[in-house]
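Q: Pasting a structure below so you can have a look.
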Amino acid sequence: MNAKHLHILQHSLGLDQYGRGTFYRNHFVTGEGSKDHSDCMELVEAGFMTRRANIEIYGGMDFFCVTEAGKAAMLQHSPQPPKLTKGQQRYQDYLDADCSMSFIEYLKYRDARDRRAA
């Protein structure tokens, strides 16, 4: 699978470049003549996507969905994420917390929480 096909499958499913995330969508909309349409058609031919053509609500563009085989192929071909340093992991935890605190406030909160739990 080439990088472009992998990216289309990941994007269609709402995942990052490592295939991580929550499957919160399963669609890709593009029209004939666009830069992605021929790649989507190749994915349809490979059995990794399905196509619904000329969807009126999308201005006549085509609507593509990833099949179960496409999901499996995307997971198989997605690279492993890089190893994070302790500091990078701490910052990623802060981003994942999606809180209203600043980073330093989050660190202080986390340290206090960990001390209480110990």
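Residues 3 to 120 (our numbering) make up the sequence shown, in order.
The beta carbon of each residue, even a glycine, is placed where N, CA and C say it ideally should be.
Since this is a predicted model, take the numbers as computed values, not measurements.
Per DSSP, what kind of secondary structure is Phe-30 in: helix, strand or coil?
A: strand
Q: Would you say Ser-14 and Phe-66 are within 8 angstroms of each other, going by their C-beta atoms?
A: yes
Q: Using 8 angstroms for Cβ pairs, my map puts His-7 next to Glu-58. What's the rounded Cβ distance?
A: Not really, about 27 angstroms apart at Cβ, beyond 8 angstroms.
Q: Could you tell me whether the stretch 108 to 119 touches the stretch 70 to 87, where touching means 3 or more Cβ pairs closer than 8 angstroms?
A: Taking 8 angstroms as the limit for Cβ pairs, the verdict is that the stretch 70 to 87 does not touch the stretch 108 to 119.
Q: Which runs of the alpha helix (DSSP H), 4 residues or longer, sit entirely within the stretch 38 to 116?
A: 39 to 47, 70 to 79, 88 to 99
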